[in-house]
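**Q** Chains V and Y are the protein sequences, given in the same order.
Take any residue in the first sequence, note its place counting from 1, add 55, and you have its number in this note's numbering.
Take any residue in the second sequence, note its place counting from 1, add 55, and you have its number in this note's numbering.
Cβ coordinates follow ideal geometry from the N, Cα and C atoms, glycine included.
Treat the numbers as computed from the prediction; the structure is a model and nothing was measured.
Number of protein chains: 2
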Amino acid sequence: MPGAVEFWFEFASTYSYPAAMRVEALALGAGVELTWRPFLLGPIFAAQGWRDSPFNIYPAKGRYMWRDLERTCTRLGLPLARPSQFPRNGLLAARVATAAAGAPWRADFVRRTYRANFVDDQDIAQPAVVAALLGSLGLDADEWLGRATSDATKAQLRAAGDEAVAAGIFGAPALRVGDELFWGNDRVEEAIAWARSCR
Amino acid sequence: MPGAVEFWFEFASTYSYPAAMRVEALALGAGVELTWRPFLLGPIFAAQGWRDSPFNIYPAKGRYMWRDLERTCTRLGLPLARPSQFPRNGLLAARVATAAAGAPWRADFVRRTYRANFVDDQDIAQPAVVAALLGSLGLDADEWLGRATSDATKAQLRAAGDEAVAAGIFGAPALRVGDELFWGNDRVEEAIAWARSCR
């Protein structure tokens, strides 16, 4: 849709962290409508024969990524502490973000979850960690964990994965403007400018 | 070396094209010394189990790359015509660029070779094509093809590949400033700014 950008993100994805922290402010500044699109990279990587993050499978690429991410976060003024475990399973958090479509606190939950993983070294795969994040937003954690793990939400997140593949998405973050795809934290500005010029 | 940047490039590499076309002007503008470092990605990819470009092995990534490269070249004001064959074997051209270390026409040869591949759809693997590029620079093609295929030059290019691996290089283009590594056309400006601030 011209004038609108979809932000496809995965909580385990390193470069999704700086992108997620700034995409809303940039979209707002440009007058571009933003839609958060949680999805899972695991099934997409598995279809390519990868059972782990490519940053672990290819050590030189992984070493580079951590240093580049450090420089990038410094440049953007974002805190970063390399997680003691990588990747962390973002399934439950992605289900919460899926169940929270339309909720006013959704973007805050997304950013707090990235911060938990990439700044506070918390294991976002743990229900107690996700519950604490929900609690920090003044929400009823049990209620939202229930919604997050409902069959409807699970099916919705699986459908988002299928939609990602159909859209040509192969990594995260990815930004989609109509049929145009932009990949990576490096393309956030270009995607938003594209959406603005298409409006 | 602080104040200096090494530009590692492979003639088959798509994102090396826009980087190679602009790196010298950017380095000159910043007062940063530039060293052209031809090398081959083939052996590095082979060590990771890839017998082809990852852009061919992973079709979604390849489709994205061509579209992204098109947008990138448009943004930078560079011509681009998708080559009818990809990747093209850059071995002979890399040997010429290796033999030409110190020659005043080296950077022009590099840029003309990229243009031949990514704008004029010429097969840079063919000696006749490389000979014509050398001829267009007013050089004796036979003499330089002879130097390019000497045992000394071959050994030098192989040694550059070993040096690339030791430096942690896993793709092209790569820019090195001391021990800092920057990967991709997206990092050309950052690498040069890094070199300038380190001087």
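In whole angstroms, what is the alpha-carbon distance linking Y/Gly201 and Y/Thr129?
**A** If you take the alpha carbons of Y/Gly201 and Y/Thr129, they lie about 38 Å apart.
**Q** Against chain V, with Cβ distances strictly below 8 Å, would Y/Tyr70 count as a contact?
**A** Not one chain V Cβ lies under 8 Å of Y/Tyr70.
**Q** Counting only the same chain and skipping the five closest in sequence on each side, list residues whose C-beta sits under 7 Å from that of Y/Thr168.
**A** The answer, listed in chain order, is Phe66, Ala148, Ile179, Leu188.
**Q** What is the DSSP secondary structure of V/Trp199, reduced to helix, strand or coil?
**A** Helix.
**Q** What does the Cβ neighbour count give for Y/Gly97, buried or exposed, with the cut at 16 atoms within 10 Å?
**A** Y/Gly97 is buried by the Cβ-count criterion.
**Q** How would you list, in chain order, the residues of chain Y whose beta-carbon sits under 9 Å from the beta-carbon of V/Leu96?
**A** Correct list: empty, because the minimum Cβ distance to chain Y is about 12 Å.
**Q** How should Y/Gln177 be labelled, buried or exposed, when 16 other C-beta atoms within 10 angstroms of its C-beta is the threshold for buried?
**A** Y/Gln177 should be labelled buried.
**Q** Let's see if you can read the secondary structure: which residues bound the alpha helix (DSSP H) around Y/Thr129?
**A** From DSSP, the alpha helix (DSSP H) with Y/Thr129 extends over 114-131.
**Q** Mind pulling the chain A residues with CB within less than 7 Å of V/Asp241?
**A** This model lacks chain A altogether, as its protein chains are V and Y.
**Q** For a contact defined as C-beta to C-beta under 7 Å, what are the partners of V/Leu135 on chain Y?
**A** Simply none; closest approach about 17 Å.
**Q** Please look up how many angstroms separate the CB atoms of V/Gly239 and V/Tyr70, rounded, as I've assumed it's under 8 Å.
**A** With 8 Å as the limit, V/Gly239 and V/Tyr70 qualify as a contact, their Cβ atoms being about 6 Å apart.
**Q** Would you say Y/Arg231 reaches chain V, if we count a Cβ-Cβ gap shorter than 8 Å as a contact?
**A** No, Y/Arg231 does not count as interfacial toward chain V.
**Q** Kindly indicate the opening and closing residues of the beta strand (DSSP E) around V/Arg92.
**A** 88-93 is the span of the beta strand (DSSP E), which, as asked, contains V/Arg92.
**Q** Mark V/Glu61 as exposed unless 16 or more other C-beta atoms lie within 10 angstroms of its C-beta, in which case mark it buried.
**A** It counts as buried.
**Q** So if I threshold CB-CB distances at 9 Å, which residues from the region 200-216 of chain V count as touching chain Y?
**A** From the region 200-216 of chain V, no residue has a Cβ closer than 9 Å to chain Y.
**Q** Helix, strand or coil for Y/Ala101? Go by DSSP, reduced to three states.
**A** It is helical.
**Q** Comparing alpha-carbon positions, which option in Y/Ala183, Y/Gly117, Y/Leu212 lies nearest Y/Arg92?
**A** Considering only alpha carbons, the answer is Y/Leu212.
**Q** Quick one: grab the DSSP three-state call for Y/Leu96.
**A** If DSSP states are grouped into helix, strand and coil, Y/Leu96 belongs with coil.
**Q** Quick check: what's the CA-CA separation for V/Val165 versus Y/Phe141?
**A** Their backbone Cα atoms lie some 40 Å apart in a straight line.
**Q** For Y/Leu135, report the span of its alpha helix (DSSP H) as first-last.
**A** Note, Y/Leu135: premise wrong, no alpha helix (DSSP H); not H, not E.
**Q** For Y/Arg231, which three-state DSSP category applies?
**A** Correct three-state label for Y/Arg231: strand.
**Q** Three-state secondary structure (DSSP) at Y/Glu245?
**A** Y/Glu245 falls in the helix class under three-state DSSP.
**Q** Is there a Cβ from chain V that is less than 8 Å from the Cβ of Y/Ala74?
**A** Chain V contact via Cβ: absent.
**Q** Thinking just about the alpha-carbon of each residue, which of V/Phe173, V/Arg242, V/Glu244 is nearest to the one in V/Ser68?
**A** Minimum Cα distance to V/Ser68 is reached at V/Phe173.
**Q** What does Y/Leu124 touch in chain V if you count any residue whose Cβ is under 8 Å from its own?
**A** None at all; the shortest Cβ gap to chain V is about 12 Å.
**Q** Within 8 Å of any Cβ in chain Y, is that where the Cβ of V/Gly86 sits?
**A** So no, V/Gly86 is outside the interface.
**Q** Mind checking who V/Ala59 pairs with in its DSSP beta bridge?
**A** In DSSP, V/Ala59 forms a bridge with V/Glu88.
**Q** With distances taken from CA atoms, which of V/Ala219, V/Arg251, V/Gly226 is nearest V/Trp105?
**A** The residue with the shortest Cα to Cα distance from V/Trp105 is V/Gly226.
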